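These protein sequence lines are chains A and B, in that order. Quick note: to get this note's numbering, add 48 to the position in the first sequence (first position is 1). Quick note: to get this note's numbering, add 48 to the position in the second sequence (first position is 1).
2 protein chains.
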Amino acid sequence: MERICFVLQVKPERLEEYRERHKSVWPEMQEALSRTGWRNYSLFLREDGMLVGYLETDDFAEARRRMSLEPVNGVWQESMREFFVDAAGRPADKQMERLEEVFHLA
Amino acid sequence: MERICFVLQVKPERLEEYRERHKSVWPEMQEALSRTGWRNYSLFLREDGMLVGYLETDDFAEARRRMSLEPVNGVWQESMREFFVDAAGRPADKQMERLEEVFHLA
Numbered sequence: 049m050e051r052i053c054f055v056l057q058v059k060p061e062r063l064e065e066y067r068e069r070h071k072s073v074w075p076e077m078q079e080a081l082s083r084t085g086w087r088n089y090s091l092f093l094r095e096d097g098m099l100v101g102y103l104e105t106d107d108f109a110e111a112r113r114r115m116s117l118e119p120v121n122g123v124w125q126e127s128m129r130e131f132f133v134d135a136a137g138r139p140a141d142k143q144m145e146r147l148e149e150v151f152h153l154a
Numbered sequence: 049m050e051r052i053c054f055v056l057q058v059k060p061e062r063l064e065e066y067r068e069r070h071k072s073v074w075p076e077m078q079e080a081l082s083r084t085g086w087r088n089y090s091l092f093l094r095e096d097g098m099l100v101g102y103l104e105t106d107d108f109a110e111a112r113r114r115m116s117l118e119p120v121n122g123v124w125q126e127s128m129r130e131f132f133v134d135a136a137g138r139p140a141d142k143q144m145e146r147l148e149e150v151f152h153l154a
């Protein structure tokens with residue numbers, strides 16, 4: 049099992065709307081995440097817009113690949129693209145910056 | 049149960065040593081964390097020294113309070129203080145910046 053942590057940057061002026069959207073993530077999106085192996089998945093937001101994701105999965109590369117093939121993911125990512133800071137204009141699922149796990153205590 | 053995410057800043061020039069120290073966290077420190085309610089606790093490091101902590105606990109305020117009373121914690125925090133960037137010179141356990149959970153999928 050892999051524990052994954054990634055970082056993204058939300059536009060500071062869009063934080064309130066970002067929060068609101070995540071109170072009611074589409075059921076189809078949640079089902080797709082579960083089906084493709086994303087478990088115990090949380091998003092945490094800092095006041096300056098830094099977004100931290102944490103999840104557990106058997107194989108993150110495979111979970112990302114499978115999720116990228118879910119039609120609902122394309123629609124969701126496109127609807128959220130404008131919330132993220134990225135010079136290249138990529139949707140969030142293409143710009144996740146993964147951090148290295150240096151300690152774990154069960 | 050609370051899911052906690054916090055951020056700290058490690059001095060970029062000390063990352064390698066920080067990694068090494070966390071490959072062999074003292075058993076007494078690990079036992080104290082478990083005893084005071086820190087579960088599924090991971091630390092993730094970004095190349096610029098940003099450190100993200102994730103853990104699960106019943107009551108984070110209480111888990112922090114109880115951990116702060118463990119003698120081994122004082123010794124550990126003092127031994128690690130020099131690794132962290134903090135204008136006020138606080139040990140890491142006194143400067144954890146907690147982030148807001150905005151989404152969770154079991």
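Glycine included, every Cβ here is placed at the ideal spot set by N, Cα and C. The structure presented is a predicted model; accordingly, all values stated were derived computationally and were not measured.
List, in chain order, every chain A residue whose beta-carbon is nearer than 9 angstroms to that of S127 (chain B).
The premise fails here: S127 (chain B) is roughly 15 angstroms from chain A at the closest Cβ pair, so nothing lies under 9 angstroms.
Residue burial classification, R138 (chain A) (beta-carbon count within 10 angstroms, cutoff 16)
exposed
Quick one: using the 10 Å Cβ neighbour count with 16 as the cut-off for buried, is G101 (chain B) buried or exposed?
buried
Taking Cβ-Cβ distances below 9 angstroms as the criterion, which residues of the stretch 79-96 of chain A are in contact with chain B?
L81, S82, W86, R87, N88, Y89, S90, L91, F92, L93, R94, E95
Under 7 angstroms from the C-beta of L147 (chain B): neighbouring residues of chain A
F92, L93, R94, V100
S116 (chain A) versus E76 (chain B): straight-line alpha-carbon distance, rounded:
43 angstroms
Option in A:L103, A:G97, A:V120 with minimal Cα separation from L147 (chain A)
A:L103
For V120 (chain B), which residues in chain A fall below 9 angstroms Cβ to Cβ?
Those within 9 angstroms of V120 (chain B) in chain A number zero; the least Cβ separation is about 14 angstroms.
Report the rounded CA-to-CA distance for K142 (chain B) versus E50 (chain B), giving the unit in angstroms.
19 angstroms
Within the stretch 105-134 of chain B, ranges of the alpha helix (DSSP H) (whole runs, at least 4 residues)
108-116, 119-128
Would you mind reading off the limits of the alpha helix (DSSP H) that contains E148 (chain B)?
It is not in any alpha helix (DSSP H) - E148 (chain B) instead sits in the beta strand (DSSP E) that spans 148-153.
Reduced DSSP category for S72 (chain A) - H, G, I as helix; E, B as strand; rest coil
coil
Can you pull the chain B residues whose beta carbon is under 8 angstroms from the beta carbon of F108 (chain A), in chain order?
Ordered by position in chain B, no residue passes the 8 angstroms Cβ test against F108 (chain A), which lies about 13 angstroms from the chain.
Checking the sheet assignment: what are the DSSP bridge partners for G137 (chain A)?
Answer by DSSP bridge pairing: none, since G137 (chain A) is not bridged.
So, for I52 (chain B): in the same chain, excluding its five sequence neighbours on each side, which residues have a beta-carbon less than 6 angstroms away from its beta-carbon?
L103, F108
Can you tell me where the beta strand (DSSP E) with Q57 (chain A) in it begins and where it stops?
50-57
Is the Cβ of R62 (chain B) closer than 7 angstroms to any Cβ of chain A?
no
On the CB-based measure, 16 or more other CB atoms within 10 Å of its CB, does S127 (chain A) come out buried or exposed?
exposed
Does the CB of F151 (chain A) have a neighbour CB from chain B at under 7 angstroms?
yes
R87 (chain A), DSSP secondary structure in three states
strand
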